Amino acid sequence: MTSGANDAMLRRSAPFRNRRFAVTRTAPSGKPLFVPIDRFGEASAVGRATAGLGVPVVLVGTHYRNVVDALAAARRYPHLYLETSSMAHLGAIDTAVLAIGADRILLGTGAPLRAIQSSLNAIALAHISDEDRLAILAGNAARLLGLPRPAVNLPVLRRPTRAIDVHAHLAPMPQDVPDLDPETFMAELSRQSGTQLAIASSVEAVEADPEAGNRRMVEACRADPRLLGYLVADPNAPDTARDHIRRWGDAPGIVGIKIGCEQSQPTASGAIRNLFTVLADYGKPVKIHNDGAGWDSALLRIARDHPRLPIVIAHGGLGTPSLEGASLTETADNVYLEMCSSFADLATVREVVRRVPPHKFMFGTDAPLLEPGFILGTYQDAGIPADKEDAVYYANAARLFGIG
Numbered sequence: 061m062t063s064g065a066n067d068a069m070l071r072r073s074a075p076f077r078n079r080r081f082a083v084t085r086t087a088p089s090g091k092p093l094f095v096p097i098d099r100f101g102e103a104s105a106v107g108r109a110t111a112g113l114g115v116p117v118v119l120v121g122t123h124y125r126n127v128v129d130a131l132a133a134a135r136r137y138p139h140l141y142l143e144t145s146s147m148a149h150l151g152a153i154d155t156a157v158l159a160i161g162a163d164r165i166l167l168g169t170g171a172p173l174r175a176i177q178s179s180l181n182a183i184a185l186a187h188i189s190d191e192d193r194l195a196i197l198a199g200n201a202a203r204l205l206g207l208p209r210p211a212v213n214l215p216v217l218r219r220p221t222r223a224i225d226v227h228a229h230l231a232p233m234p235q236d237v238p239d240l241d242p243e244t245f246m247a248e249l250s251r252q253s254g255t256q257l258a259i260a261s262s263v264e265a266v267e268a269d270p271e272a273g274n275r276r277m278v279e280a281c282r283a284d285p286r287l288l289g290y291l292v293a294d295p296n297a298p299d300t301a302r303d304h305i306r307r308w309g310d311a312p313g314i315v316g317i318k319i320g321c322e323q324s325q326p327t328a329s330g331a332i333r334n335l336f337t338v339l340a341d342y343g344k345p346v347k348i349h350n351d352g353a354g355w356d357s358a359l360l361r362i363a364r365d366h367p368r369l370p371i372v373i374a375h376g377g378l379g380t381p382s383l384e385g386a387s388l389t390e391t392a393d394n395v396y397l398e399m400c401s402s403f404a405d406l407a408t409v410r411e412v413v414r415r416v417p418p419h420k421f422m423f424g425t426d427a428p429l430l431e432p433g434f435i436l437g438t439y440q441d442a443g444i445p446a447d448k449e450d451a452v453y454y455a456n457a458a459r460l461f462g463i464g
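Structure (structure tokens):
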């Protein structure tokens with residue numbers, strides 16, 4: 061079925077070997093194939109491997125990790141289609157429609173593992189025609205699977221009355237998402253999730269240059285009162301963190317500190333513990349993107365060492381809401397969380413909502429990496445009690461960060 065370099069690529073991955081066998085066995089049926097993808101390059105390999113079969117192939121799992129390859133493969137191989145269950149990044153559906161047309165995109169929700177409302181919100185928010193929306197929701201799948209086209213209604217987006225996004229970023233981003241200036245970014249947050257205020261960290265500061273990135277964050281906050289900021293603190297340079305707090309810690313709009321353990325040191329490292337000693341003197345909330353084995357027990361020790369320092373668990377865990385994160389909020393009085401994630405497990409999300417003390421739960425989207433409306437859908441399907449929604453979306457963050 062394949063040869064040369066394509067065979068070599070398929071042999072490098074056990075999942076691909078299994079997929080190749082499945083494709084060989086199922087292709088004679090003439091029915092569409094649904095093939096999971098994950099890593100960059102897999103979409104192109106699947107396209108090459110299935111190009112001569114004469115059947116449509118739906119790539120399941122298009123995500124910001126692999127979207128450049130997925131779109132390139134779909135442009136090259138017209139038998140490839142995409143589905144929406146993991147298209148959580150900003151402008152994902154808009155970009156795909158421009159690249160390959162709405163007729164090659166199918167509604168996928170990942171249910172029951174994922175929140176159905178996430179994909180529905182993303183489709184409702186896309187800058188596409190209602191005709192394209194209906195095609196993605198039902199028409200394309202009906203055509204591909206030989207089913208009667210059902211009558212469907214366009215999804216209606218329900219936004220919070222007010223919201224503060226506690227997990228945002230100042231562009232540019234290293235991923236293939238639109239670079240939005242702060243004014244455009246805040247307008248998009250308002251359109252998608254009803255957000256009036258966003259607390260952001262500079263991606264430049266996290267990934268490359270804390271000095272330049274934190275300076276830009278301070279300047280952006282001065283320019284737009286709707287944008288609030290975290291100073292990024294690098295555990296590998298505690299003296300620099302102390303200096304940035306001295307210079308900018310009381311600048312207008314600066315309300316907290318961001319630590320990115322993935323880019324620096326694991327949560328359980330001595331460097332993180334030492335950095336928290338510096339941050340405890342500052343006293344403003346610390347949002348930490350955790351990493352590494354034993355992150356939760358390490359963070360609990362830190363929280364107990366600095367009981368007056370508020371700590372916010374980014375994503376509610378290691379990139380996704382977790383029971384470990386929920387447990388920390390139950391155990392330590394000064395630990396809070398938000399739960400933005402492009403791959404949140406809905407059952408876990410609902411258990412997190414059940415367990416986290418209501419005053420410790422906040423709204424975050426990871427925009428502009430992720431589509432705010434997609435993440436809003438996770439919150440909307442999470443089972444948040446109606447009388448707690450305003451606290452989650454707005455009041456808890458306002459109280460914690462001292463927002464009037």
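If you count the sequence shown from 1, position 88 lands on 148 in our numbering, and the numbers rise without skipping. Glycine included, each C-beta is placed from N, C-alpha and C at the ideal position. All values derive from a computational prediction rather than experimental measurement.
- Taking the Cα positions, Ala171 is about 17 Å away from Ile97.
- Pro208 has its alpha-carbon roughly 6 Å from the corresponding atom of Ala202.
- Per DSSP, the beta-bridge partners of Phe94 are Val118.
- Judged by their CB atoms, Gly316 and Val346 are nearer to each other than the 8 Å cut-off.
- In this structure the stretch 233–243 does not touch the stretch 185–202; the number of beta carbon pairs closer than 8 Å is below three.
- In the three-state scheme derived from DSSP, where H, G and I count as helix and E and B as strand, Glu102 is classed as helix.
- Residue nearest to Val416 within the set Pro428, Ser402, Pro445 is Pro445 (criterion: CA-CA distance).
- With respect to the 8 Å criterion, Ile371 and Tyr396 are classified as neighbours on the basis of their beta carbons.
- Judged by DSSP secondary structure, Gly112 falls outside any beta strand (DSSP E); it is assigned neither H nor E.
- Look at Phe336 here: in three-state DSSP terms it is helix.
- In this structure Pro285 is exposed. Its beta-carbon is surrounded by fewer than 16 other beta-carbon atoms within 10 angstroms.
- The DSSP-derived three-state label of His149 is strand.
- Note that the C-beta distance between Leu335 and Pro295 is below 8 Å.
- Burial check for Thr391: the Cβ neighbour count within 10 Å stays below 16, so the residue is exposed.
- Per DSSP, the beta bridge partners of Ala427 are Ala228.
- If you compare the alpha carbons of His149, Pro270, Thr337 with that of Ser402, the shortest gap goes to His149.
- The beta carbon of Gly379 lies closer than 7 Å to those of Ser401 in the same chain, with the five residues before and after it left out.
- Going by beta carbons, Leu119 and Val128 fall outside the 8 Å limit.
- Per DSSP, Ser253 has no beta-bridge partner at all.
- For Leu204, the enclosing alpha helix (DSSP H) begins and ends at 200–205.
- Contact between Arg174 and Leu406 holds: CB atoms are separated by about 6 Å, below the 8 Å threshold.
- Within the model, the alpha-carbon separation for Asp441 versus Asp303 is close to 43 Å.
- Between the stretch 141–158 and the stretch 268–283, the count of Cβ pairs shorter than 8 Å is below three; the stretches do not touch.
- Contact annotation: Asp351 and Pro326 have beta-carbon atoms nearer than 8 Å.
- For Ala283, the CB contacts under 8 Å within the same chain, skipping 5 residues up- and downstream, are Pro242 in chain order.
- Taken through DSSP and simplified to helix, strand or coil, Ala297 comes out as coil.
- In this structure, DSSP gives Phe421 an extended state, which the three-state scheme calls strand.
- Unbroken alpha helix (DSSP H) stretches of 4 residues or longer found wholly inside the stretch 311–394: 330–342, 355–365, 383–391, given in chain order.
- Asn181 counts as buried, since at least 16 other C-beta atoms from the protein chains shown sit within 10 angstroms of its C-beta.
- For Tyr137, there is no enclosing beta strand (DSSP E), as DSSP marks it with neither H nor E.
- For Glu143, the beta-bridge partners assigned by DSSP are Leu166.
- Between Leu388 and Leu369, the CB-CB gap reaches or exceeds 8 Å.
- In the displayed model, Ser179 falls within a helix according to three-state DSSP.
- Between His187 and Asp154, the CB-CB gap stays under 8 Å.
- DSSP places Val292 inside the beta strand (DSSP E), whose first and last residues are 287–292.
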